[in-house]
Structure formats: C-alpha cells, structure tokens
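When we follow our numbering, the leftmost residue of the first sequence carries the number 2, and every step to the right adds one.
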Amino acid sequence: MKNTLKKLLFQALEDCYKQERLNSGVVPDDILIEVPANSDHGDFATNLAMTLAKPEKKKPRQIAEALVEALETQNELFSKVEIAGPGFINFYLTSSSWYTILDDIQAKGETYGLSDIGKGKKIQVEFVSANPTGPLHIGHGRGAATGDALARLLAACGYDVQREYYINDAGNQMETLGRSIYLRCLELEGQTVDFPQDCYQGDYIRDFAREALADKGAAFFTDNEEEALKYCSEVGGGKILKGIEDDLREFGVTFDRWYSEKTLYDRDEVRKGIDFLREKGLAYEKEGAVWFRTTDYGDDKDRVLLRGNGVTTYFASDVAYHKEKFDRGFDTVIDIWGADHHGYIPRMKAAVAALGRDKEDLQVILVQLVNLLRGGNPVAMSTRAGEFVTLQEVVQEVGRDACRYVFLTRHSDSKLDFDLELAKQQNADNPVYYVQYAHARICSVNRKAQEEGLAEPAPAEVDSAALTLAEELGLTKILAQYPEMVEGAGRAFEPHRITIYLQDLAARFHAYYNRHRIVTEDRAVSLARLYLVNRIKTVIANALALLGVSAPEKM
RNA sequence: GGCCCCGUAGCUCAGCAGGAUAGAGCAACCGCCUCCUAAGCGGUAGGCCUUGGGUUCGAAUCCCGACGGGGCCGCCA
Numbered sequence: 002m003k004n005t006l007k008k009l010l011f012q013a014l015e016d017c018y019k020q021e022r023l024n025s026g027v028v029p030d031d032i033l034i035e036v037p038a039n040s041d042h043g044d045f046a047t048n049l050a051m052t053l054a055k056p057e058k059k060k061p062r063q064i065a066e067a068l069v070e071a072l073e074t075q076n077e078l079f080s081k082v083e084i085a086g087p088g089f090i091n092f093y094l095t096s097s098s099w100y101t102i103l104d105d106i107q108a109k110g111e112t113y114g115l116s117d118i119g120k121g122k123k124i125q126v127e128f129v130s131a132n133p134t135g136p137l138h139i140g141h142g143r144g145a146a147t148g149d150a151l152a153r154l155l156a157a158c159g160y161d162v163q164r165e166y167y168i169n170d171a172g173n174q175m176e177t178l179g180r181s182i183y184l185r186c187l188e189l190e191g192q193t194v195d196f197p198q199d200c201y202q203g204d205y206i207r208d209f210a211r212e213a214l215a216d217k218g219a220a221f222f223t224d225n226e227e228e229a230l231k232y233c234s235e236v237g238g239g240k241i242l243k244g245i246e247d248d249l250r251e252f253g254v255t256f257d258r259w260y261s262e263k264t265l266y267d268r269d270e271v272r273k274g275i276d277f278l279r280e281k282g283l284a285y286e287k288e289g290a291v292w293f294r295t296t297d298y299g300d301d302k303d304r305v306l307l308r309g310n311g312v313t314t315y316f317a318s319d320v321a322y323h324k325e326k327f328d329r330g331f332d333t334v335i336d337i338w339g340a341d342h343h344g345y346i347p348r349m350k351a352a353v354a355a356l357g358r359d360k361e362d363l364q365v366i367l368v369q370l371v372n373l374l375r376g377g378n379p380v381a382m383s384t385r386a387g388e389f390v391t392l393q394e395v396v397q398e399v400g401r402d403a404c405r406y407v408f409l410t411r412h413s414d415s416k417l418d419f420d421l422e423l424a425k426q427q428n429a430d431n432p433v434y435y436v437q438y439a440h441a442r443i444c445s446v447n448r449k450a451q452e453e454g455l456a457e458p459a460p461a462e463v464d465s466a467a468l469t470l471a472e473e474l475g476l477t478k479i480l481a482q483y484p485e486m487v488e489g490a491g492r493a494f495e496p497h498r499i500t501i502y503l504q505d506l507a508a509r510f511h512a513y514y515n516r517h518r519i520v521t522e523d524r525a526v527s528l529a530r531l532y533l534v535n536r537i538k539t540v541i542a543n544a545l546a547l548l549g550v551s552a553p554e555k556m
C-alpha cells in the first residue's frame with residue numbers, strides 16, 4: 002500500500018516539474034510515507050512537501066497544493082486527499098480498497114508477510130554457544146529464544162539463514178570440568194578432598210561423578226589420575242553438551258551446525274590465524290607474548306593472541322573462528338552475546354576488519370541479563386556457587402510457549418524481569434495466552450459457524466460491503482501493516498517487535514469479538530465477518546510461527 | 001580513569017530509521033457472562049518523555065554536556 006503511494010507521488014512530482022509548477026528539479030531517493038498517529042489525519046501521510054520547502058524556496062503548503070493537483074485526478078484509491086498542518090499531505094483510502102488486503106492474505110496464507118529484502122544473502126546467526134561445563138540457565142534461554150526468533154525472522158525476510166552453536170570445548174575450562182568431576186569421584190570413594198573454589202560447584206557434577214564411578218569402577222579413578230582426568234573431562238563434557246542439546250530441543254531450538262572450537266585446533270586453524278595476522282604486519286611480540294594490533298582498527302588497546310606460556314587465548318581462536326565463518330561465504334555474520342561481553346566487540350570488529358571485511362559484516366546483538374523472580378521476589382542465583390535455576394526447570398514449570406514469549410516481549414538490549422508466577426498465570430496478565438486465546442477463539446467461532454451450516458467462505462462468496470463497522474476497517478488496516486512490520490523487525494534485527502504487534506492485534510480482535518457477533522442472522526454479514534476473522538487468524542498464526550510459539554485451536 | 005547500555009504514567013515497558021493531541025499492560029476505582037471460549041471486554045484516573053544546550057520547518061526519537069541506575073574494562077572463558 003505504501004509502495005503504490007510512493008509511486009504515485011514520484012509521478013506527481015515529475016509532472017510538477019514538467020509543468021513547471023515546481024522548478025528545483027530535486028527528486029529525493031525515497032519518500033517517507035507514514036501512518037499518522039491520529040486517524041483524523043488520514044490513513045497515510047507524507048512530509049514530501051516539507052522536505053522540498055528548502056530547495057524549492059516555497060512554503061510547504063504551496064508545494065503540497067501543486068503535488069495534490071498533479072495527483073488527485075489519477076486514482077480512485079482515495080476517498081480524499083488533503084493538505085494539513087504545516088504541509089502534510091494526508092491520504093484517505095476508500096474502505097473497499099482496504100478490504101482488498103483480505104483477499105491478498107487469503108491467497109497467500111502462510112506466506113503472507115514473507116518478503117525478499119534479504120535477497121537470498123547468506124547470513125549466519127550464532128547463538129547460545131554456552132560452554133559445555135554446566136546446564137543452561139535462564140539467561141541462556143533468553144539468548145536461545147532471541148537467536149531462534151531472529152533466525153526465523155530473517156528467513157521470512159528472504160535471507161539464506163544458517164544457525165550455529167559454537168562449542169568452547171578447547172580451553173582450560175574443560176580441564177576444570179574434568180578435575181571437578183574427578184575430585185567428586187574421589188570424594189564419593191571416601192577420600193577427603195579439598196574441593197577448590199574455581200571448580201564447578203553444582204550438584205550435577207556429583208551426578209556425573211556417580212555415573213562415572215558406575216561406568217568405570219572406583220579403581221580407574223584412584224589408580225591413574227591422568228587418565229581419569231582426561232576421561233572425566235571428555236565424557237563429562239560430552240554428556241553436558243548432550244544435555245544442552247536436549248534442553249534446547251525441548252525449548253524448540255535447533256541448530257544447523259554445532260561447531261567445535263577444538264576442531265579449529267585440530268586443523269591448526271588457530272595457528273594459521275595468528276600467522277595470517279603476522280604476515281599482514283598486524284601481530285607483534287612483546288614481553289614474550291604475541292599481540293594483535295587491534296588499536297589500528299579502533300580498539301582501546303592491543304590484545305594478546307598467544308600467551309607467554311605458549312597457550313593461545315580465547316580471542317585467538319575466535320579470530321580463527323570468524324575467519325572461517327567468512328571463508329564459508331557468509332555475507333553477514335550475527336553473534337548473539339550476553340551483554341557482559343560487550344567490551345569484546347571492538348576487538349572482534351577489528352579482527353573482522355583485519356580479515357578484509359567491512360566491520361558491519363559482523364553484527365553483534367547483546368542480550369541483557371534476566372532477573373528471575375517468583376511472585377515479585379528475586380530468586381537467588383549464582384553460577385559460581387552452583388545455585389542456579391536451569392532453563393529446563395523453567396521450561397517445565399511455565400511451559401515452552403510462555404517462556405519463549407516472555408523472553409521476546411522486550412528489546413533484547415534492555416534488562417528483563419522474568420517472574421515465574423506471572424509466566425504461569427493463564428489469564429490476560431500473561432501476554433502469550435492473551436494472544437493465543439485470540440487464535441483459539443477464532444477457531445471456536447469457526448466451529449460454531451459450521452454448526453450453523455456456514456463454512457469458511459471463499460473470496461467470491463464475500464461482499465466486503467457487509468463490513469460496515471469501524472472495528473472491521475481498523476482490524477483490516479492492522480493486518481495490512483503486518484508485512485511492513487516483519488520487514489522492519491528483520492532490518493533492525495528486533496524480533497520483539499512481533500510480540501508488540503501481536504498484542505495490539507489480539508486486543509483489537511478481543512474488543513471486536515466482545516461487542517459484535519460473528520455468526521449472525523444475516524448470512525452476508527456472517528460470511529464477511531468470518532472471512533475477516535479468519536484472516537486475523539492467519540496473521541496471528543504466521544506471527545506466532547516467527548516466534549516459535551504455537552497457535553492452539555483450543556484452549 | 002576509559003567504554004557500553006538504560007532513564008517515557010505509581011510499577012513493567014512500547015514508541016515503527018525525526019513528524020501533527022506521547023501509547024499499552026499491571027496496580028487502583030466502577031461496570032459487563034439466559035449470547036460464537038470471562039484465559040475475554042468497557043469505563044474512570046494517571047505525564048515538564050531525568051536535565052541543559054545544539055541540529056531543523058518540526059526532537060521522546062539525531063548530536064554534545066550534566067545528573068541518576070546498571071554493566072564491562074585479564075597473557076580468564
């Protein structure tokens with residue numbers, strides 16, 4: 002709808018220049034068309050005349066008049082076009098032109114809202130990527146929901162999306178994990194063990210120790226420390242990773258690829274990455290370590306790649322990893338990180354620039370902390386002490402849909418309060434049920450209609466003139482906005498916009514439903530309303546699908 | 001000290017790549033089920049968009065500076 006308006010305006014502008022009603026000859030790259038906040042100002046408005054005021058050296062209203070005169074004769078789309086305020090041009094569309102949207106939705110069905118703004122570009126979303134040293138907690142859940150919804154959103158926008166989980170299975174945290182399990186084994190065997198603070202404290206470590214003892218027997222652990230440590234590290238890490246994968250699957254999140262950091266070392270990619278930087282003169286030695294001159298690319302200080310003790314840093318493998326990502330042909334790489342890693346962005350962008358890419362080819366999305374509450378009171382959480390609420394527990398308690406939805410109600414860059422009691426409530430206070438309920442209600446209306454002998458009508462059976470209510474037109478306008486909303490959310494990498502939209506759509510539907518009957522005595526009205534209401538159903542279902550949330554037929 | 005995020009109704013937050021009279025939910029108060037699902041709806045009330053400048057026809061939105069809150073600054077991951 003906006004695009005047709007733009008075309009008409011460009012045409013009108015050209016005509017004005019031809020007729021010399023305007024003479025600056027300035028043609029903007031784009032024309033802003035917006036939906037006015039106040040419906041008295043029409044369905045759409047443009048500020049075109051105001052932006053031309055300066056080059057044209059005329060009053061905005063004067064320019065607007067010229068434009069409108071060039072335009073008005075052309076189309077019966079409009080019921081009215083007027084100039085208002087400082088020089089806005091307001092467009093009022095006829096109801097019947099709005100209602101054509103319903104046929105569009107009906108024809109497209111599940112594909113309504115898809116676009117090709119991504120032009121098939123290869124884009125990777127890397128998310129969660131938690132170390133396999135313990136179960137996922139609630140904070141990872143937010144990253145998972147955000148990354149998953151973003152991947153779905155980008156796919157809907159016509160990108161070729163790949164979702165990836167990076168497994169940090171190479172650093173010394175894996176050794177720490179092994180030692181933690183090993184020590185618990187000894188403890189279970191009755192030895193007195195001084196369990197260090199920097200070991201993993203959680204109960205799950207004891208569980209693994211028990212399993213390990215059962216599998217290998219006590220002697221294996223008491224006789225050969227080195228072998229036992231290796232075993233604990235590898236087997237423990239493997240089990241934890243398996244658990245993470247299971248938890249994520251249960252949460253509705255899957256990956257195209259699980260990428261092991263260790264394989265980068267196995268293929269010597271980390272060393273090659275350092276050499277690459279050396280060859281480009283971007284790495285140097287100082288105080289026994291090898292540094293990457295990230296300050297050349299705007300970082301505050303240079304960063305160590307290879308430590309004095311000969312061990313590479315996490316950053317070094319990250320450079321190699323990102324090099325490898327781009328080598329795989331991605332046009333854009335998105336990393337989703339916890340906000341506490343934000344200080345890492347400049348050096349990572351520096352690495353991307355050093356690889357010869359545009360810094361913008363790497364997009365980092367930060368996900369802020371989640372405050373877990375129960376009935377308004379904070380739930381104590383400390384990873385260090387091993388006391389944390391796992392994602393699995395939360396999903397089991399509140400349900401997958403509610404959990405995902407809550408995570409996606411806020412911009413990822415603002416902190417989120419997650420109240421378990423609230424997320425469990427099955428009423429209007431809980432936005433996910435509010436929206437799902439709208440969908441279920443429509444399904445229920447369909448069942449009722451069927452009982453009355455009314456099948457869901459085909460487009461030809463519908464006379465949109467039977468839709469005479471302001472609510473019906475309002476709802477249709479919101480449905481018409483859906484594709485633009487999806488595009489905007491995709492462009493901004495902001496999946497939370499979908500939940501905001503859904504909230505609005507559901508609210509309008511509930512209000513409509515409450516005031517008016519869909520299935521009435523009047524057959525024409527009933528069919529038209531059924532038709533409208535089922536388009537709402539389609540859009541709700543499509544939007545929920547982008548969030549990975551189900552659209553139930555019954556509740 | 002340097003950097004990042006946040007500051008909008010009592011509370012939690014939207015505000016769509018600058019627009020006309022700033023929105024929603026919760027909490028508060030008052031109402032609505034012989035009727036397609038009350039997991040719902042209607043109404044009342046609630047604001048100096050932290051603050052001072054700047055950019056412009058026009059700023060909650062963009063820029064600079066204060067103030068307040070949070071976070072990050074390792075040869076850890």
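We treat Cβ as the ideally placed atom computed from N, Cα and C, and that holds for glycine.
- If you ignore the 5 residues before and after E111, its C-beta comes within less than 7 Å of the C-beta of N543, all in its own chain and listed in chain order.
- Unbroken alpha helix (DSSP H) runs of no fewer than 4 residues, entirely contained in the stretch 121–202, are found at 139–157, 173–189, following chain order.
- Taking A150 as reference, the option from A471, A461, L409 with the minimal CA-CA separation is L409.
- The beta carbons of H412 and H497 sit closer together than 8 Å.
- Annotated three-state conformation of P458 is coil, per DSSP.
- Taking the Cβ atoms as the reference, G144 lies roughly 17 Å from V162, outside the contact range of under 8 Å.
- Here E270 is buried: its Cβ has 16 or more other Cβ atoms, across all protein chains shown, within 10 Å.
- The residue from K55, K109, I337 with its alpha-carbon nearest to that of G88 is K55.
- When the Cα atoms are used, E235 and D208 turn out to be separated by approximately 15 Å.
- By alpha-carbon distance to Q202, the top candidate from E190, A219, G179, E212 is G179.
- Along the stretch 53–127, the beta strand (DSSP E) occurs as fully enclosed runs of 3 or more residues at 79–85, 89–94, 123–127, listed in sequence order.
- The closest CA to that of V27, considering only D16, I34, E35, is found on D16.
- DSSP places K478 in the helix class (H, G or I) of the three-state scheme.
- With the rule of 3 Cβ pairs closer than 8 Å, the stretch 129–138 counts as touching the stretch 225–243.
- Contact between the stretch 389–409 and the stretch 445–457 is absent: fewer than 3 CB-CB pairs across the two stretches fall below 8 Å.
- Contact between Q504 and V436 holds, since their C-beta atoms are separated by about 7 Å, short of 8 Å.
- K416 sits in coil when the DSSP states are folded into three classes, being neither helix nor strand.
- Secondary structure at Q20: coil, using DSSP grouped into helix, strand and coil.
- Leaving aside the five residues that flank I90 on each side, the residues in its chain whose CB is nearer than 7 Å to its CB run, in chain order, A46, T47, L49, A50, A65, L68, V69, V82, I84.
- Residue pairing of N378 in beta bridges, as defined by DSSP: R375.
- The beta carbon of Q192 lies closer than 7 Å to none in the same chain, with the five residues before and after it left out.
- For S261, the secondary structure class from DSSP, reduced to helix, strand or coil, is strand.
- Within a 10 Å sphere around the beta-carbon of E165 sit 16 or more other beta-carbons, which makes this residue buried.
- Membership of G339 in the beta strand (DSSP E) is indicated by the continuous run 333–339.
- 8 Å or more divides the Cβ of A290 from the Cβ of V312.
- About 53 Å separates the beta carbons of G218 and A157, which is beyond the 8 Å limit, so they are not a contact pair.
- Contact between L392 and D248 holds, since their C-beta atoms are separated by about 5 Å, short of 8 Å.
- Between the C-alpha atoms of D199 and H511 there is a straight-line separation of about 54 Å.
- Under DSSP, L363 takes part in a beta bridge, and its partners are V334.
- Looking at the backbone, the Cα of V390 and that of N428 are separated by about 25 Å.
- In terms of Cβ geometry, C186 and A215 do not form a close pair [threshold 8 Å].
- Of the residues E422, A340, A351, the one whose Cα lies closest to the Cα of S415 is A340.
- Taking 4 residues as the shortest admissible run, the stretch 263–345 contains the following complete alpha helix (DSSP H) segments, listed from N- to C-terminal end: 270–280, 315–328.
- In this structure, the beta-carbon distance from I519 to R530 falls below 8 Å.
- Under DSSP, A46 shares a beta bridge with E35, N91.
- Under the three-pair Cβ rule at 8 Å, the stretch 253–273 counts as touching the stretch 313–322.
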